[in-house]
Amino acid sequence: MNATPHITRVGTTTDQLGESPVWDDRTQLLIWIDSLAGSIRRLSPATGAIEEHQVPAPIGSLALARNDRAVLALRHGFAHYDFGTRELTAGPSIGLDHPMLRLNDGKADPFGRFVAGTMQGGRAEDEKPLGGLYRIDEAGAIEHLESDLAVTNGPCFSPDGRTFYLADTARRVIWAYDYRCDGPLLNKRVFAEMDAHGSGGDGATVDADGHLWTVLVRIGAIARFAPDGTMVRKIEMPVRHPTSATFGGPSLDILYVTSISCSTHLADDSPGAGGLFAVEGLGVKGLPAHRFGTR
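Residues in the sequence shown are numbered from 872 upward in steps of one, following this note's numbering.
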């Protein structure tokens, strides 16, 4: 039987749209963003100290890179950020300048590339989505991996790197694909239909047992799915709109969860909204984050 987890708020920061948490196992820091404010935060859980960095808003996501750097998904292109010098270096563009389309969630893959998808605001329900999924390598080459996506979220990988998961939050479905070092995504299939769970999947991560944890942004919860797509656990959060999650801590057994206070479409005036939360006592562990530019 699953033990009841212990959920606490970490610090006192309030994000408009907290997103893209990632644990740096080398520095023992948790990094996450406030997408709409263009803020990158780095937390030392050991001391409680939080370091703030500012980049152009909106920022969709980030991934760890080498030498205290990160790769970022900005509005219509990628960039590199040096935490030491606070220098932002522009990278390639995805070649789309639609005012309601921007890069959103992303993660480094097992082979050192960064994979990020787009989200499209103001889209009518019967309007064909303009969004896509892109992969950038360290040399700056971009591959277009997928089209016809409305709001991409939760890209993550199975422990062996052979399965890639991707949610279309607006369509309330999580897809699975076969993934490999080079070439296109293969064998697209439905991993989980989310209508039955009352919310599309948002940010996601995979634990060491190969189960996928996804945030249920509309109903204030987090769900764990077995590799066959069956939901096996659900945890209620103390805020209405959690957004993303990652495992961290020295033993990778703490699930850190970001949340919304006031985004473009969702708002929450409950205590703690927009805060960062730590979920402990889950009895499972995560995996070290992949890094951009390394294999």
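Backbone N, C-alpha and C define an ideal beta-carbon position, used for all residues, glycine too.
Query raised in the report: Closest to leucine 943 by CA distance: which of Gly988, Phe982 and Leu972 is it?
Result: Gly988
Report task. Please name the residue or residues paired with isoleucine 1045 in a DSSP beta bridge. Result -> Ala1038 and Ala1063
Query raised in the report: So, helix, strand or coil for histidine 947, using DSSP?
Result: coil
Query raised in the report: So who's on the other strand from serine 891, going by DSSP bridges?
Result: Paired residue(s): none; serine 891 is not in a bridge.
Query raised in the report: Should aspartate 1078 go down as buried or exposed, given a rule of 16 or more other Cβ atoms within 10 Å for buried?
Result: Buried, by the Cβ-count rule.
Query raised in the report: In the structure shown, what three-state DSSP assignment does histidine 1161 receive?
Result: Three-state result, histidine 1161: coil.
**Report entry** Per DSSP, the bridge partner or partners of valine 881
**Finding:** Leu1147
Query - First and last residue of the uninterrupted beta strand (DSSP E) at glycine 1069 - result: From DSSP, glycine 1069 is part of no beta strand (DSSP E); its letter is neither H nor E.
Query raised in the report: If we ignore side chains and look at the alpha-carbon of each, how far apart do arginine 912 and valine 1103 end up?
Result: Note on geometry: alpha-carbon atoms of arginine 912 and valine 1103 lie some 32 Å from one another.
Requested in this report: Output the residue ranges of the beta strand (DSSP E) runs that lie fully inside the segment 1099-1146 and measure 3 residues or longer, sorted by chain position.
Outcome: 1102-1107, 1113-1119 and 1125-1130
Query raised in the report: On the three-state DSSP scale, how would you describe glycine 919?
Result: coil
Query - Beta-carbon gap between threonine 1076 and cysteine 1027 smaller than 8 Å - result: yes
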